[in-house]
Structures are given as structure tokens and as C-alpha cells.
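Sequences listed follow chains A and B, in order. For the first sequence, the residue numbers in the working numbering are 810 to 1377. For the second sequence, the residue numbers in the working numbering are 25 to 432. Here the structure is laid out as C-alpha cells; the discussion comes afterwards.
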Amino acid sequence: MNAAVFKLKPLFDRLGAMNLAIVILIVLAIASMIGTVLKQSQEMSGYYEQFGALWFWVINVLGLFDMYHAWWFTGLLVFLTMSLSVCLWRNSPGMIKEILAKHSVINERALKRIQHRQHWQLNLAVADGVEKSKELLKDWTLNVQEHKGRTFIRADKGRYNKTSYIFVHASILIILIGGLVGVQYGFRGNLAVPEGGVGDTISFLKGGASATHQLPFEVRCNDFFIDFYASGMPKEFRSNLTIIDDGKEVLTQDIIVNEPLEYKGVRLYQASFGDAGSDLKLKFYHLDGSGRIEDVPAKVYGTLGDGSGLNIEVTDLKVFNVENFAEEGQAKEFIDIGPAVEYVLRGPGLTPVMVKAFSQPFINTVDDRNMGHFFMISFSGQERDYQSFPIGFDLTSPEEWALFNAFRNNLALPIQPGKTDQDHNFDAFAAALDEVYGDDKPDNIPELGTRIQQATMTLRDVPWPFLVLLDDFDQHYYTGLQATNDPGMNTVWIGSTILVIGLCFMFYMPHRRLWLVFSPADKGAEVTFAGVCNRGHMGFDQEFSRLRASFTQVLDIDQEGQHKEVTS
Amino acid sequence: MTALATALHGGWLSISSGRLGFARYYTYLGLITGLSILYYFGTSDYGGSATQAQLFLWGGVGAGAGLLGSLALAAIQPARADSKVAKMFLPWLDGAVLMLLLTGVWILMSPGAAAVSYEDQSLLFSPKVVTAMYVFYFLSGILYITYLFAPESVVGRMGTSTAWVAVYLGGSALLLRWYESYMIDPEIGHAPVSNLFEVFVLLFAIASIVYLCLERRFNARALGSFVMPMICGGIFFAIWLQGGGHGEIKPLVPALQSYWMKIHVPLNFVGYGAFGVACGAGLLYLFREKLERGGSKARLLSAMPTLEQTDDLIYYAVIIGYPAFTLATILGAAWAAEAWGGYWSWDPKETWALIVWLVYGAFLHVRISHGWRGRPLALWAVAGFVVTLFCFVGVNMYLSGLHSYGSL
């Protein structure tokens, strides 16, 4: 038993040593940096792609993909906790003893070591000097003692400053304990509830894998709204939720970001939102010359295939698309260009292409001219490569669609001998005009010609046989809720409060001690005035100088003796 | 000019101390209490002149009660009028009133609601005040550096005054911006601490105030020769932000629509600002040390505090910043608990705040418990501020996370 204690003692000492504390703080700081540089808790496949097999393995073994919950990081925190506890355990009793010690007597050697010191000869009796000093130091906690013919006055301010050491370090322990309780007995995860739907299971990541937890009640999302500013920025996300406990509707409440609801210790937060698979009506404009327009029902996240191997995966529906159409430096001009559907086209031998299709044609803001439909297309399938893809005419106008098809069909006919390309082009357009409009031709033929011509050129390069537009939609959102229960949170707040108060106490109320040692002398008395402060010398310098000046005025000082001993 | 300054200073002292100061202090307290009661318990559906009447009523009753109460107290117990608390807080309250008055002047000078809109903010007045602030900071920086070479001349005092002018311009510009955001559209209105540009202006003001307080307390004007140029460097960044369109008033995203923003953000900048001043003191230390090592007898040395004093200045700046930063981080956690579902998410900004906290925590440990002094701590203060800057700006520039609304 004794031997074991003997062996443990050095370890115990080491754990409580300040050096170790600093090392832990620095190591913790450096370790924390890693997790901010390496994105945490992403898809494993993404990491694999990014780092390759070897590094992926190394990083994964070290738990760096979710490093704040990795064994070694937790170990560091445990080590910090132990070090803190031992430190408190070892230092607190001594500190409390020191705080409670009230002796005023100070020996000559200790007095000589004090930097702030002044010696005076007084033309006063000891008793008078003591009285006047006590009067001057009335804001201080005084303790007067007589010892071996001398009178000692000890004055304290901030006597309990050292307790702040205990409070600050204990508060960090309390916070860590609160955190641990939260991790052990609390939960925090996400659930997505579609409008009109009910959910009761949250999912979260645990050690790199997905885990679920059953809530003690069910949540129904009655409605989800988004409100936008004129600039298109989201202004408010609001979910109307009903809590169903044991089959009974117990609570219906709106939540927004920053205003969660709480039921049975579980808080529900507005965390995200998304499309819950809205019903769409798409229009397929076939480019095979038939002029066929096909109505196709679809759903967001659904995939449409036509048997040829080409398929369309609808990824999102965006109802508002506000853009600033002003030139740089000019007053902004926000315009909603209408709903858009986003999809990915995939096919044999085709890089997946991302498309945003706007359902309304673009109307020029200057002269209200209909500039026709346009798409945003990323041929590389990367988000950053979206480029504007104007068609040039209004697909929803039957005449323009017919004109486009007729022109394309005519253009495909063999060129008559003796005619140039340009002639052929012109004839094809003239014939198309006749076919579509007959005698009732529109006024803007040249402009129309340019646009149809442009559309033909543009669409010739398109590697798929149709254009897909959004015709109609019935939008359903899901609301992304975060559900949390943290039984340790209040402990953390208590610890935090103690921490802040402790820090203020520690720094702003330093422990200042003054001694006045009076001894009788030939003329009256001699007095040594000395003071120490446990932190912040410049402030104490000033305070000491002020006090010294006051004493010089109050005590009847013999000028001869005044500069005998000079303070440093 | 000096005579005038002395006269003014004397006049100021006479109205700041004794019964006059005591009565003013309680008048302010009464005013604040009255307005707080109105804010928390009043209904918001008065609108227009009715709201103004309410403001005058509650503010007036509060202020009147404070004034009469304090005068009565001072008459009954004259000793009470020598209140230390009143003396401590009075300069801050007076300063706040002056700041508000200045803002009122700007409001009168600004072109009004008809001339500006969310779409066109080119006629806003607050950017002009900010530009004036830049000018004064640059002036102040130059004056402070000149002071090092001419410690006895008036330039030092001019440096201090221009710095104060810059602080008032910056503070009032932010208050004006607050007003303007509501003027553009009450829906958009919010406290001016929502984007990088706004918090930069705030940071300049807070860092200057921390510095100026240290200057006044410890007569450490040479520190300004390092702090003010640092602020001038920051100004280039702020100008660059404005050039990139970050200077515009934008509505708040839902995550920021919380009263916590008004508390968490400014308090954080007390921390950042104080750590900046500590860095300036660290640089001053290193500079003086280098001069001393080279055996220099330059007059520069006489303008600077001793190494020991500078070392203390570093410490004072850090202990101003540390509790504020701790509290700000905790309040940030409290906000996160209300908005994101957990007080701690290991979000990059949170994590970097923790890193900053650990770095300065270790600084305090080595200084207090290990008695480290001098050069290593000066270097530590400089390095600590680099970490702080990364937490403040770098995280937004290079890392993504929940704080992404401050991004560039």
C-alpha cells in the first residue's frame, strides 16, 4: 500500500504542475486547429477521393474526420480535467490557509525584501501615529498587533483575491463536467419533416457512422414558410409545428431561427429546409422537327427516363429567383425572374449536365422586350461552370415555336442548285413565315428572324433531343429541425458565470497588503511603510505613491529622516 | 491654446466632481432606467409622435427622479456626494451623451429618407463620417510617431486629441448607420455589428478607447505610436472592404436576427481590441529592447516607458481583454444554444475563439504562476494577436462554417 502511494506521488505531483497545465493548453490549442482546417464529419467517400487510400487510412485511424470526438482528443480533455483537479486539490488548502491568516507581524527580513517601502522619523508618539494612520486607511481592512514593543498595522484590500484562483479553475471543471453530462446523457440530431408529415426519429453522426434516436413524442409540420427581402435574401424561415404526445396533439407553435420551442426537455430548432418532392408539370419540347410538346408529370428528386438511356433527374425547384440587373456602381434593380426547375441530364457518352430551366421568358428591363427563354447550363456538371444559355425565342408562344420548327425543317432540305447558303437560309425563313402566319405577318420580322436564326444555331449544338421547361408546380417543403436535449447545459452556464466573475475578481481586485511598523524612537517614533500587490505593478506603484504622499501630509515627519531609506 | 485647454479642463473638473457630477450621474441612471422600463414593458404600437411622447415621458420622469433624488441625498448626506462609483462611471456616461449628441448633429446634416433607398445608398451620410474618421486616424498615427522624436512638444497631446476625435467620429458613424438602416426600411434596420466592415469600424473605436484609457492611467503615450499605426493598417483593409461593396447596409439573415447580436459582437471586440493593444505594447517592448541592446542613447528612449513598465502594459491590456473575451465567448455559446441547438458545435469560429482563449490563458499562467517577464511575453502578445486576427478575419476568409455570414 505504502509502496503504491510512493510510486503514485511523483505522478500526482506532475499532474498538478503548472508546466503541465501550460503544455496541455498549448497542445489543446494546436490540436483544435486541425479540425478547423480539415472539414469535419463529411461523407467518407469524399475524403477518400480527396486524400487517396494511404492518407485516408492514416487520417481515419487518427479519427481526424471527427476529431473532436476522437479518443485522443477526449483523452486530452480528460487529462486536462485530471490536471485541474489535482492542481486544485494540492493548492487550495494552502491558499485558504493563507487567506485566513490574519497575523500582522512581519519580520525584519521579509520587510526588507519588499520593493515598495518607505521609512520615516516621526515627531509623533507611536499611539498618535497609529491613530492617524488608521484614520487614513479607513477604506482598508485593518489589523493592529503589538509585538516586542513595536506596533504593526496590516491593511488589506482584495484579501480574498486568491479565492479567485479556486473559483476560476473549479469553474472550468464544472464546465467540463457539464459538457461531459451533455455528451453522455443528451442528444442532438436532425430530422426532416415534410409539410403535413410526422417525424419522431432524429439522426446524427457518432464516430463517423450515422446513428438514430427516438424522440419521446412526434412532431408534425403543418406548414413551412419562407419570407424574402426585396433583394431575394431570405428574411425568415418559419415552421408551424404540432407536438403529438401519446397520440394527442398537445402543443402547436411556430418556430423560427433563434426562437426554438421546448417540450419535455427537448428543444426543437429551425435548422434548415428543403424541397420535399414537389409535384411538377414539365413540358418537353422535342427538337426532332415534329414540333411535339409533351406534358410530363414529375417530382423533385424523381428521375425521368425515355428508354433511350437518356434520363433526367430533377434536383430542385426554386420558386423565387431574384437578381440584380443594375450595372456595377448603379442603383440596384432587383427583379424576380420567376420559378426555375433544376435538373441533371445523364446519358450514354454524356458528361452529366446540370441545367436550371426558367419557366418564364426574360423580359428586357429597359424596353420590356421579350428576349425569350433561357437556361443556365453547366456542361461540366460543376456548380461553378454554370453559364447563361439564351434560346432567343419564347417557347410558350405557339407561333414562335412553330416558326422555329418550320425554319429548321426547311433549312434541312437540300440546297437548290445555284443558290448560296445565305439564299437558302432566307428562303427557308420566308417559307416558314408563310407556313406559320400566312398573310397575317407580324411587324417585327427582321428581329424575329435574327432570334430564330440564333436559336437554330444555339440548339444545333445541344446533345439531347428536347428542351425541358417547368410548366406548373405544387410546392411542398420539408422543414429541417434540430432536436436537442442537453441535461448538462445548466451546469455549463453555472460554471461559465463563476468563471467570468472569478476572472474579474482575479484581475481587477488584486490583493494589496500594506504594513506600517511603528517603533518608539528618541524624538517620537519611527515607522516603516511597505506594501505588496500580487499582480499589476504599475497600478500599485501609483496607489503606493498616493498613499505615501498622504502619509507625508498626515504624519508629522521629521524631515531629516525622510529620505534615509529610499524606495526602489 | 494651452491656456484655453487648461481653462476648459478646469471647468470640466468643476462640473465633473462634487454635487454637480453626482447629480448628473443619477440623472443619467434615472434616464436609462426610465427608458429601459419603457423598452421592456411598453407596447410597441404607439407609432410616430405617440412613441416620441412616451420616450419623453418615461425618459423625463426617470431623469427628473434621478436628479431630484440625488440632490436631496446630497443635501442630507453631503459625504455621499463624493461617490467613487459616480466618479468612475461619469466620464463614460458623459462620453456616451456626447456621442449621441454628435450623432444627432449628423442626422440633422444627412439628406434624409427621401434621398436614399436600399437600392441606392450612395447618398448615405455615415460613410462620409467614416471617411473623416479615417483621416483623423491617419493624422493621429503621424502625430504619435512624431511624438516619439519630440516627446516634449505639443504633438503628443495633439495625437491624443485627434485619436479621441477619431473615436467619436467612428462611434457616431456607427450610431448614425444604425439610424440610417431603420431610415432605409424599418424591416432592414439593425445594430451596425452585422458585417466585417461595421465591426472593423467598431474594432478601431474600441482598440483606441482601450489604448487611450491606458495612456491616461499610466501616461504611456509611446504605446500610441504603435497602436495607432496598427489601426491605420486596419483602415486599408476597411477601405478595401468598402470598395468590394461590403460597406453597404444589408438586411439581416435569419440567423442574425437576435438581440444576442447586440451583446455578443461588441463584447467580442473589447477582447479583440484589447489584445490588439497588448500586441502594440509587445511591439513597443521589442523595439525598446532592440534599441537598448544596440546601446542606443537615442532621445526616443526617453519618450518610451521602461521595459518593466511596458511589460506591465502588455499585462494590463491582456487582462482588460481576457475577461471580456471569455464573457463574449460564453454569450456566443448562449446564443448558439438558442439558435443552433447547442452551445458548442466545434464550428471553426468557435474553435478559433477557444484557441485564442487558450493562447491568452497560457500567457496569463506563465506570467502569474511562473513569473515570466519581458521578451518572451512580448513575443507571445504579438503572436497571440496574430492568432486573434486569424480568428477574427482569417476564419471568415479561409474556413467555412456556421459563422459564414461574416464571409468575404
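Here a beta-carbon is modelled for each residue, glycine too, at the ideal position from N, C-alpha and C.
For B/L378, the neighbours in chain A by C-beta distance under 9 Å run, in chain order, L837, A838 and S841. Your pair A/L1290 and A/Q1023 does not check out as a contact, with CB atoms roughly 15 Å apart and the cut at 8 Å. Straight across, the Cα-Cα distance linking B/Y161 with A/M1347 is about 28 Å.
Here B/A244 carries a coil assignment [DSSP, helix/strand/coil].
Measuring C-alpha to C-alpha distances from A/L873 to each of A/E1071, A/N900 and A/M842 identifies A/M842 as the nearest. Of the residues assessed, B/Y422 falls on the exposed side of the cut-off, its CB having fewer than 16 other CB atoms within 10 angstroms. Secondary structure note for B/E211: it is in no alpha helix (DSSP H), with a DSSP letter that is neither H nor E. Of all alpha-carbon atoms in A/F961, A/A830 and A/K848, the one lying nearest the alpha-carbon of A/M891 is that of A/A830.
DSSP assignment within the stretch 235 to 302 of chain B yields the following whole alpha helix (DSSP H) runs of 4 residues or more, N-terminal first: 248 to 267. In terms of CA proximity to B/H389, B/Y346 leads the group B/L291, B/C256, B/Y346 and B/F242.
Look at A/N1214 here: in three-state DSSP terms it is helix.
At least one CB of chain B lies nearer than 9 Å to the CB of A/Y877.
When CB distances to chain B are screened at a threshold of 7 Å, the residues of the stretch 994 to 1026 of chain A falling below it are R997, in chain order.
Residues of chain A with a Cβ closer than 9 Å to the Cβ of B/V289 do not exist; the shortest Cβ-Cβ separation is about 15 Å. Near chain B, meaning a CB-to-CB distance below 9 Å, the residues of the stretch 1064 to 1091 of chain A are I1065, V1066, N1067, E1068, P1069, R1076, L1077, Y1078, Q1079 and A1080. Bounds of the alpha helix (DSSP H) holding B/P151 are S150 to F173. Within the same chain, A360 come within 7 Å of B/G366 by CB-CB distance, once the 5 residues on both sides are set aside. The beta carbon of B/S282 falls within 9 Å of a beta carbon belonging to chain A, placing the residue at that interface.
In this structure, A/G1086 keeps its C-beta atom at 9 Å or more from the C-beta atom of A/G1056. Identification of chain A residues near B/V390 by a Cβ-Cβ cut-off of 7 Å yields I831, ordered along the chain. Comparing alpha carbon positions, the residue from A/D965, A/G958, A/E907 and A/L893 closest to A/V1341 is A/D965. Secondary structure in the stretch 1240 to 1316 of chain A: the beta strand (DSSP E) runs of 3 residues or longer, each lying completely within the stretch, are 1275 to 1283 and 1286 to 1294 in chain order. Boundaries of the beta strand (DSSP E) harbouring A/T1124: N1120 to K1127, taken from the DSSP string. Residue pairing by DSSP puts A/M1163 in a beta bridge opposite A/V1153 and A/S1187. By the neighbour-count criterion, in which 16 or more other beta carbons inside 10 Å mark a residue as buried, B/G318 falls on the exposed side. Taking B/W396 as the centre and dropping the five residues before and after it, the same chain places the C-beta of V390 closer than 6 Å to its C-beta, in chain order. Between B/Y49 and B/L97, the CB-CB gap reaches or exceeds 9 Å.
Cβ neighbours of B/A302 within its own chain (closer than 6 Å, five residues either side excluded): I338, A341, V342 and A405.
Taking the Cα of B/Y309 as reference, the smallest distance to any Cα among B/E362, B/A402, B/S107 and B/L172 is reached at B/A402. Within chain B, the residues whose beta carbon sits less than 7 Å from that of A/P1043 are V277 and P278, listed in sequence order. Distance from the CA atom of B/A74 to the CA atom of B/G66, rounded to whole angstroms, is 12 Å.
Taken in chain order, the complete beta strand (DSSP E) segments of 3 or more residues contained in the stretch 926 to 1011 of chain A are 950 to 956, 959 to 966 and 996 to 1003. Shown here, A/E1142 sits in coil according to DSSP, grouped into three states, outside any helix or strand.
For A/D1055, the three-state secondary structure derived from DSSP is coil. For B/L413, the enclosing alpha helix (DSSP H) starts and ends at R399 to L413.
In this structure the stretch 57 to 66 of chain B does not touch the stretch 91 to 110 of chain B; the number of beta carbon pairs closer than 8 Å is below three.
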